[in-house]
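Working notes, structure below.
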Amino acid sequence: MSIHEPVNDTRTYAGISLEELHASFPTIVRQLRDYARMSFEQSLIAQGYEPKGPAVWSRFGGRNVDADALTRCTCTVCGQRGLEYRPWSKPGSYRAIARCTACNDWSEY
Ligand SMILES: [Zn+2]
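Each number in the numbering used here corresponds to the 1-based position in the sequence shown with 40 added.
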């Protein structure tokens, strides 16, 4: 084989070709991020949190500033503008998740 021939890599992993793996990688990463977020949200539920925002009385000027701010944030992974606001609360405590709907990256906000 000369150096000018294309590399024909026929290796497989669990029966899947390298080419197929490379093509499906972004989908796999998206799914893994979703599973991690769902696992985190399950832990919040186990701690008594419900999927709802903070009480209106606690909002600055009656507005939910976190939800407002996330509409102007940019995803640090893929650059999409505007993040999904996923609030969780229980009496005396409030937490929020910021999620990118394009790449599924997320973090506690
Ligand atoms: Zn993103």
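All C-beta atoms in this analysis are idealised placements derived from N, C-alpha and C, irrespective of residue type, glycine included. Bear in mind the structure is a predicted one, so any value in this text is a computation, not a measurement.
Q. Would the beta-carbon of Q71 be found less than 7 Å away from any heavy atom of ligand 1?
A. no
(Q) Which residue marks the beginning of the alpha helix (DSSP H) containing A76, and which one marks its end? (A) 58-86
**Q.** The beta strand (DSSP E) enclosing A138, as first and last residue numbers
**A.** 133-139
Q) Can you tell me the Cα-Cα spacing of G132 and W146, whole angstroms? A) 24 Å
Q: Mind reading off the beta-carbon distance from P127 to A138? Whole number of angstroms is fine, and I expect it under 8 Å.
A: Going by Cβ atoms, the distance from P127 to A138 rounds to 10 Å, so no, they are not a contact pair.
Q) Which word fits L110, buried or exposed, when buried means at least 16 other C-beta atoms lie within 10 angstroms of its C-beta? A) buried
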